[in-house]
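Accompanying notes for the structure given below.
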């Protein structure tokens with residue numbers, strides 16, 4: 130466990146030293162928070178929309194973040210063009226299946242992603258269960274999604290998360306009261322966070338963007354852990370210095386900026402498998 134936390138701490142500090150860019154095709158509701166969180170941890174942000182933009186970013190960036198929380202007609206071309214270019218250029222990419230199951234275009238794009246295999250998938254329990262079912266990796270089951278929210282517990286998504294990670298050869302991060310991160314073999318439970326995180330729009334979306342930043346300097350598993358742990362540690366400290374959700378968001382970005390090796394090494398995780 131100590132060695133794993135050392136790898137996470139190294140990724141956190143490498144990002145601060147290198148300022149890597151991880152462009153995003155992301156939820157239009159949360160663009161500002163995604164970009165600010167990426168900047169706060171030491172990375173650089175860029176938002177793209179069109180197919181040729183996605184293909185270019187797949188060439189010049191080490192990692193890209195894709196979130197389908199809000200859909201546009203041109204994504205029918207942008208998403209496949211970008212994911213194929215990412216694979217051709219052997220780049221890491223992070224996928225957030227936000228609002229999975231809503232609308233035919235989103236469903237088609239997520240179904241087709243089985244062929245291009247995201248290196249990291251980050252979502253709530255309901256989203257992870259839905260993706261594993263859509264891809265035929267677990268027995269079809271009904272998840273308890275409510276729009277972009279989850280009504281399933283993290284533990285219920287463990288087998289689905291492991292199945293996805295084993296299939297892609299990457300990692301899956303399941304967000305909840307206690308977060309779960311797996312590479313298909315090792316399962317890590319990450320403690321921390323804050324009751325205010327679900328009260329600010331884009332907490333999960335921005336986490337995906339931050340995982341993409343760490344994927345520029347680390348393996349998918351370490352990157353997913355780094356993002357998850359960074360959010361838990363920053364949230365703990367932000368809650369101590371805020372008055373409510375509004376000031377929490379401001380304090381949270383400050384704490385992401387102030388993350389250091391010591392804080393990461395002292396975080397609470399459990400390696401269960």
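Residue numbers (my numbering): 130 to 402. Positions of the beta carbon are idealized from the N, C-alpha and C atoms, including for glycine.
Strand pairing of residue i, partner residues [DSSP]
i, result
"residue 253", "304"
"residue 150", "173"
"residue 309", "303 and 318"
"residue 229", "DSSP, once it has assigned bridges, lists no residue as partnering residue 229."
"residue 400", "317"
Residue interval of the alpha helix (DSSP H) (run including residue i)
i, result
"residue 380", "374-387"
"residue 351", "349-369"
"residue 117", "A query on residue 117 cannot be resolved here, the shown segment of the chain reaching from 130 to 402 and no further."
"residue 295", "287-297"
"residue 317", "Premise fails: residue 317 lies in the beta strand (DSSP E), 316-319, not in any alpha helix (DSSP H)."
"residue 215", "204-217"
Range covered by the beta strand (DSSP E) that runs through residue i
i, result
"residue 225", "221-225"
"residue 178", "That residue, residue 178, is in no beta strand (DSSP E); it is neither H nor E in DSSP."
"residue 233", "Note, residue 233: premise wrong, no beta strand (DSSP E); alpha helix (DSSP H) at 233-245."
"residue 395", "Neither: residue 395 is in no beta strand (DSSP E) and is coded neither H nor E."
"residue 196", "192-196"
Residues near residue i by beta carbon distance below 6 angstroms, same chain, minus five either side
i, result
"residue 347", "140"
"residue 286", "254, 257, 258 and 303"
"residue 279", "Low confidence applies to residue 279: its pLDDT is 46, below 50, so where it sits in the model is not reliable, and the reading given next is rough at best. Cβ neighbours of residue 279 beyond the five flanking positions: 253, 254 and 255."
"residue 365", "321"
"residue 397", "320"
"residue 329", "374 and 378"
"residue 275", "Because residue 275 carries a pLDDT of 42, less than 50, the predicted location of this residue cannot be relied on, and the following value inherits that uncertainty. There are no such residues."
"residue 356", "336, 339, 340 and 343"
"residue 363", "381, 384 and 385"
"residue 392", "362"
"residue 297", "246"
Own chain residues within Cβ distance below 7 angstroms of residue i, not counting five before or after
i, result
"residue 277", "Unreliable placement is indicated for residue 277, whose pLDDT of 45 sits below 50; the coordinate value is still reported in the next sentence. Correct list, in chain order: 198, 227 and 228."
"residue 207", "154, 178, 179, 180 and 183"
"residue 292", "261, 266 and 267"
"residue 205", "234"
"residue 215", "187, 193 and 222"
"residue 389", "none"
"residue 359", "141, 170, 339, 385 and 388"
"residue 288", "267"
Beta carbon of residue i nearer than 8 angstroms to that of residue j
i, j, result
"residue 294", "residue 281", "no"
"residue 137", "residue 351", "yes"
"residue 251", "residue 340", "yes"
"residue 175", "residue 142", "no"
"residue 354", "residue 310", "yes"
"residue 394", "residue 134", "yes"
"residue 193", "residue 211", "yes"
"residue 209", "residue 241", "yes"
"residue 248", "residue 299", "yes"
"residue 245", "residue 213", "yes"
"residue 323", "residue 290", "no"
Chain-order list of residues whose beta-carbon lies under 8 angstroms from that of residue i (same chain, five-residue window excluded)
i, result
"residue 307", "283, 318, 319 and 320"
"residue 401", "316, 317 and 318"
"residue 217", "187"
"residue 239", "197, 226, 229, 260 and 263"
heavy atom of the ligand PLP below 7 angstroms from residue i C-beta
i, result
"residue 240", "The model depicted lacks the ligand PLP and carries no ligand whatsoever."
Kindly confirm or deny that the region 187-194 and the region 362-375 touch, where touching means at least three C-beta pairs closer than 8 angstroms. The region 362-375 and the region 187-194 do not touch, with fewer than three beta-carbon pairs separated by less than 8 angstroms.
Check whether the region 164-173 touches the region 195-213, counting contact only when three or more Cβ pairs, one atom from each stretch, lie closer than 8 angstroms. Segments in contact, no.
Segment contact, 8 angstroms Cβ cut-off, at least three pairs: the region 334-348 with the region 141-158: Yes: the two stretches touch, three or more of their Cβ pairs being nearer than 8 angstroms.
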